[in-house]
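Trainee:
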Amino acid sequence: MAQEHQYSPEIDLATQEAFAHQVILFNDDVNTFDHVINTLVKVCDHDPLQAEQCALLVHFKGKYSVKSGSYDDLLPQCSALLDAGLSAEIN
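Quick note, the numbering used here runs 16 ahead of the 1-based positions in the sequence shown.
(1) When you compare only the Cα positions, how much space is there between Y87 and H51?
(2) For a test of the three-state rule: what should DSSP assign to E86, helix, strand or coil?
(3) If you draw a straight line from the C-alpha of V3 to the C-alpha of G101, how long is it?
(4) Look at the Cβ atom of C70, then the Cβ atom of V82, and state whether they are nearer than 8 Å.
(5) Does the beta carbon of Q69 come closer than 8 Å to any beta carbon on chain C?
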């Protein structure tokens with residue numbers, strides 16, 4: 017027997033609201049790749065490969081969303097990125 021799955025718009029709306037914000041990291045000519053990668057691993061809990069990929073995307077695109085979540089969860093992470101000398105903001 018096949019199970020039926022019911023669509024629940026309340027759950028989808030809650031998920032969308034929880035991840036409505038993103039930390040955007042901007043490229044700069046000051047910080048090294050190693051510093052950016054190490055900071056993303058430490059602050060955003062990225063694994064090294066994910067952090068390296070984000071650093072490359074930031075470098076080539078000029079900016080990239082490195083973390084998504086609720087504003088309250090992202091604020092301390094964005095602040096830590098700024099404290100490390102990186103350029104970031106929450107959208």
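Even glycine gets a Cβ: it sits at the ideal position worked out from N, Cα and C.
Mentor: Based on what the coordinates show:
(1) Translated into positions along the sequence shown, residue 87 becomes position 71. Translated into positions along the sequence shown, residue 51 becomes position 35. Rounded to whole angstroms, Y87 to H51 spans 25 Å at the Cα level.
(2) Taking the sequence shown and counting its residues from 1, the one referred to as residue 86 is at position 70. According to the sequence provided, residue 86 is Ser. The question's Glu does not apply to it. Three-state result, S86: coil.
(3) Here the chain has residues from 17 to 107 only, and residue 3 is not among them.
(4) One-based indexing of the sequence shown puts residue 70 at position 54. One-based indexing of the sequence shown puts residue 82 at position 66. Result yes, Cβ atoms of C70 and V82 sit closer than 8 Å.
(5) In the structure shown, chain C does not exist; there is a single protein chain.
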